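Below: the structure, in structure tokens.
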Amino acid sequence: MNEAILSVRVTPRASRNRLVVDQGDVRIYVTAAPVDGEANAAVIEALAKAMRIGKSSLLVVAGHSSRQKTIRIVGLSADEVWRRLGTA
Numbered sequence: 002m003n004e005a006i007l008s009v010r011v012t013p014r015a016s017r018n019r020l021v022v023d024q025g026d027v028r029i030y031v032t033a034a035p036v037d038g039e040a041n042a043a044v045i046e047a048l049a050k051a052m053r054i055g056k057s058s059l060l061v062v063a064g065h066s067s068r069q070k071t072i073r074i075v076g077l078s079a080d081e082v083w084r085r086l087g088t089a
């Protein structure tokens with residue numbers, strides 16, 4: 002089974018939700034507050050939408066209470082993740 006690990010930088014309480022990919026750096030801006038896992042859920046939702054996969058395929062494995070998060074993506078190779086994020 003394919004699996005990839007993605008490191009992202011999160012900015013909670015942003016004015017709007019958006020995903021920015023620049024030279025291998027992934028930044029996710031979410032309107033949700035970093036309270037009770039709301040921002041983490043918003044990050045998972047934004048990534049799932051950008052990569053056109055189900056939310057259950059994504060899991061925050063590190064950085065639950067940090068801006069820097071590590072996300073595990075099940076079902077896609079690393080190349081496929083970057084290809085899909087490049088068109089997001």
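In my numbering, the protein residues as written are 2 to 89. Where is the CB? At the ideal position from N, CA and C, for every residue including glycine. No experiment lies behind these values; they were computed from the predicted model shown.
- For S66, DSSP records no beta bridge to any residue.
- A43 sits close to A33, with the two beta carbons spaced by under 9 Å.
- Shown here, S16 sits in coil according to DSSP, grouped into three states, outside any helix or strand.
- A straight-line Cα-Cα distance of about 14 Å links G64 and I29.
- No Cβ-Cβ contact shorter than 9 Å links P35 with R10.
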